[in-house]
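A.B. asks:
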Amino acid sequence: MITLRSITKLTKRFYVYILYDGDKPFYVGKGTGNRSREHLSEANRGHECHKCNKIRKVWREDRDVTIRYVYQTDAEWRAFKRERDLIAQIGIKNLTNLTYGGEGKSRYYTPQEIARKEFEAIAKELRVREILAREKRL
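First residue of the sequence shown: 262, per the numbering used here; consecutive thereafter.
1. What's the gap between the Cα of residue 315 and the Cα of residue 357?
2. With burial defined as no fewer than 16 other Cβ atoms inside 10 Å of the residue's Cβ, what is the status of residue 263: buried or exposed?
3. Checking the sheet assignment: what are the DSSP bridge partners for residue 333?
4. Taking Cβ positions, are residue 292 and residue 324 nearer each other than 9 Å?
5. Between which two residues does the alpha helix (DSSP H) holding residue 318 run?
6. Kindly list the residues whose CB is nearer than 8 Å to the CB of residue 295, restricted to its own chain and excluding five residues on each side of it in sequence; keep chain order.
7. If we ignore side chains and look at the alpha-carbon of each, how far apart do residue 326 and residue 377 end up?
8. Whole angstroms are fine: how far does the CA of residue 321 sit from the CA of residue 382?
9. Pull up the distance between the alpha-carbon of residue 345 and that of residue 380, whole angstroms please.
10. Identify which residue in 395, 387 and 273 has its Cα closest to the Cα of residue 332.
11. Just verifying my parser: in three-state terms, what is the DSSP assignment at residue 282?
12. Give the secondary structure of residue 378 by DSSP, where H, G and I count as helix, E and B as strand, and everything else as coil.
13. Buried or exposed, going by whether 16 or more other CB atoms sit within 10 Å of the CB of residue 310?
14. Please name the residue, chosen from 339, 394, 285 and 289, that lies closest to residue 374 on a Cα-to-Cα basis.
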């Protein structure tokens with residue numbers, strides 16, 4: 262289970278954010294730059310999608326959409342992974358996301374490269390653990 266805590270200052274290149282209606286999350290996304298706020302602009306311009314319809318409904322009911330930044334990293338593949346993990350934890354049926362995450366546009370990596378980087382990081386961590394376990398036995 263991922264423990265969420267809000268990040269007040271973004272210092273890394275990529276981040277994961279959640280859009281909230283009150284205390285209820287309705288969208289999980291991965292972004293860079295101003296991406297998290299673009300959803301509000303899209304909804305304001307009348308873009309038709311489930312997420313934008315939800316944003317407009319919140320506004321019509323005189324409530325605010327809150328953006329919480331919950332993760333930041335310089336490694337884009339890690340941000341995609343955290344996005345997928347959060348969507349799985351919250352449950353896609355409780356969100357307006359159309360996919361299970363990690364499939365958004367990347368200016369840097371294809372989905373295959375992201376999966377490869379994730380695999381390599383896990384393999385490296387396992388090798389380090391194996392080396393440390395061997396050293397303890399010596």
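Where is the CB? At the ideal position from N, CA and C, for every residue including glycine. None of these values were measured; they are calculated from a predicted model.
C.D. replies: Looking at the coordinates:
1. Approximately 8 Å, taken between the alpha carbons.
2. Because residue 263 sits at a pLDDT of 45, beneath the cut-off of 50, its placement in the model cannot be relied upon, and the following sentence gives the value as read from the coordinates. With fewer than 16 other Cβ atoms within 10 Å, it is exposed.
3. In the DSSP assignment, residue 333 forms a beta bridge with 276.
4. In terms of Cβ geometry, residue 292 and residue 324 do not form a close pair [threshold 9 Å].
5. That run of the alpha helix (DSSP H) goes 311-321.
6. Short of 8 Å from the beta carbon of residue 295, and not among the five residues preceding or following it, lies no beta carbon of its own chain.
7. The C-alpha of residue 326 lies about 35 Å from the C-alpha of residue 377.
8. Going by the C-alpha atoms only, they are around 45 Å apart.
9. If I take the Cα positions, the gap works out to 15 Å.
10. For the residues 395, 387 and 273, the minimum Cα distance to residue 332 belongs to 273.
11. Three-state DSSP puts residue 282 in a strand.
12. In the structure shown, residue 378 adopts helical secondary structure according to DSSP, grouped into three states.
13. Exposed: under 16 other Cβ atoms inside 10 Å.
14. Here the closest residue by C-alpha is 339.
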